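Undergrad: Heads up: the sequence shown begins at 18 in the numbering used here, then just goes up one per residue.
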Amino acid sequence: MGIITVITSGKGGAGKSTVAAGLGCALAHLGRKVVLLDGDAGLRSLDIMLGISERAVYDMSDIFEGNCEPIRAVYQSPVNERVSVVPAPVSLEKMCSPVDMARLCRGFAKYYDHVIVDCPAGIGQGFECAIAGANRALVVTTPDMISARDAQIVGRILDRRNIPARLVINRLRPMPIITGKMPDVDEIIDIASLQLIGIIPEDEEVAIANANGRPLPVRSNAAICFSNIARRFLGEQVPLANLEKMI
Ligand SMILES: Nc1ncnc2c1ncn2[C@@H]1O[C@H](COP(=O)(O)OP(=O)(O)OP(=O)(O)O)[C@@H](O)[C@H]1O
Ligand SMILES: [Mg+2]
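#1: Between the Cα of P45 and the Cα atoms of S70, R89, F250 and E221, which residue gives the shortest distance?
#2: Please state whether the Cβ-Cβ distance between V103 and V116 is less than 7 Å.
#3: Nearest to V134 by alpha carbon, out of R236, L233, P232 and M77?
#4: Considering just the uninterrupted stretch of the beta strand (DSSP E) at L155, what are its terminal residues?
#5: Which runs of the beta strand (DSSP E), 3 residues or longer, sit entirely within the segment 124 to 202?
#6: What's the call for V156, buried or exposed, on a 16-neighbour Cβ count within 10 Å?
#7: If you compare alpha carbons, which of V23, K28, G39 and T22 is closest to P218?
#8: Tell me Q212's beta-bridge partners as DSSP assigns them.
#9: Going by alpha carbons, who is nearest to V185 out of S70, N245, M112 and R89?
#10: With 16 as the cutoff for other CB atoms within 10 Å, does T196 come out buried or exposed?
#11: Among residues of its own chain, excluding the 5 on either side of L233, which ones have a beta-carbon nearer than 8 Å to its beta-carbon?
#12: According to DSSP, simplified to helix, strand and coil, what is I24?
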């Protein structure tokens, strides 16, 4: 059985979809077969980030409504041949129930090493669906107090559901930390109260790759950080690189 991981944050725009795509591709580079489920009904983004938006005919709601075999709504990404995507339903009305979602995740986990669910913002019904089948979670925060506090709230909910969660700090920029204008990494970890799995710097390569459905350049800072996160996720001891500490 594959591992089912939900990528969540509480706060919108923290980088959940970016981390879902980046982790998925990094795991694929390590030889794992990955399927990403876009759980953001009405506001899908993984289809663009992973370059399948023009080919996508069916989406997750078609699976639930019996309009197609599940495999017809799975699209192999041109970004990495070991990564596939199931697009989110186009409208909120077509959102599934948590029970449906858990069943779908378990079904995919028979065929893939990793099922990664990209969670919508907030802690409403979409969140409940996205976490329903998960046996692990990554909580994404940006390096600011508000995002970190939302990560803490989400972390508590996940804890109550017995879903082990780790923290990703995304969009780290050294200058506001050095000048004391923003909290440093230790403060963010304290507020979020979650164990850190890795840090992704603010990197324009990320925005470019996301917007164009292209892979991150292998030697980009962000790609190295995603690779480190993927290796830690698989249980390897990988010390924080200077790059991740931004020093
Ligand atoms: N490390 C980064 N460096 C530069 N740009 C980034 C980085 N992470 C995310 N972005 C950009 O920030 C925007 C928001 O990221 P993303 O869509 O992944 O957030 P999200 O948490 O999934 O948002 P939502 O809550 O709306 O689902 C995107 O345009 C993305 O390209
Ligand atoms: Mg998103």
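Don't be surprised by glycine CBs; every beta carbon is placed ideally from N, CA and C. Keep in mind that this is a model prediction, so the values were computed, not measured.
TA: According to the structure data:
#1: Contrary to the premise, residue 45 reads as Ala rather than Pro in this sequence. That would be F250, whose Cα lies nearest to the Cα of A45.
#2: No, the pair does not count as a contact, with Cβ atoms beyond the cut-off.
#3: The shortest C-alpha separation from V134 is found at M77.
#4: Residues R153 to T158.
#5: DSSP assignment within the segment 124 to 202 yields the following whole beta strand (DSSP E) runs of 3 residues or more, N-terminal first: 131 to 135, 153 to 158 and 182 to 189.
#6: Under the 10 Å beta carbon count, V156 is surrounded by 16 or more other beta carbons and is classified as buried.
#7: Checking every option, the nearest Cα to that of P218 belongs to G39.
#8: Checking the DSSP bridge columns, you'll see Q212 partnered with R183.
#9: Among S70, N245, M112 and R89, the Cα nearest to that of V185 is on N245.
#10: Exposed: under 16 other Cβ atoms inside 10 Å.
#11: In chain order, G39, C42, E222, V223, A226, A239, A240 and F243 place their CB closer than 8 Å to the CB of L233, counting only its own chain and leaving out the 5 sequence neighbours on each side.
#12: Reduced to three states, the DSSP call for I24 is strand.
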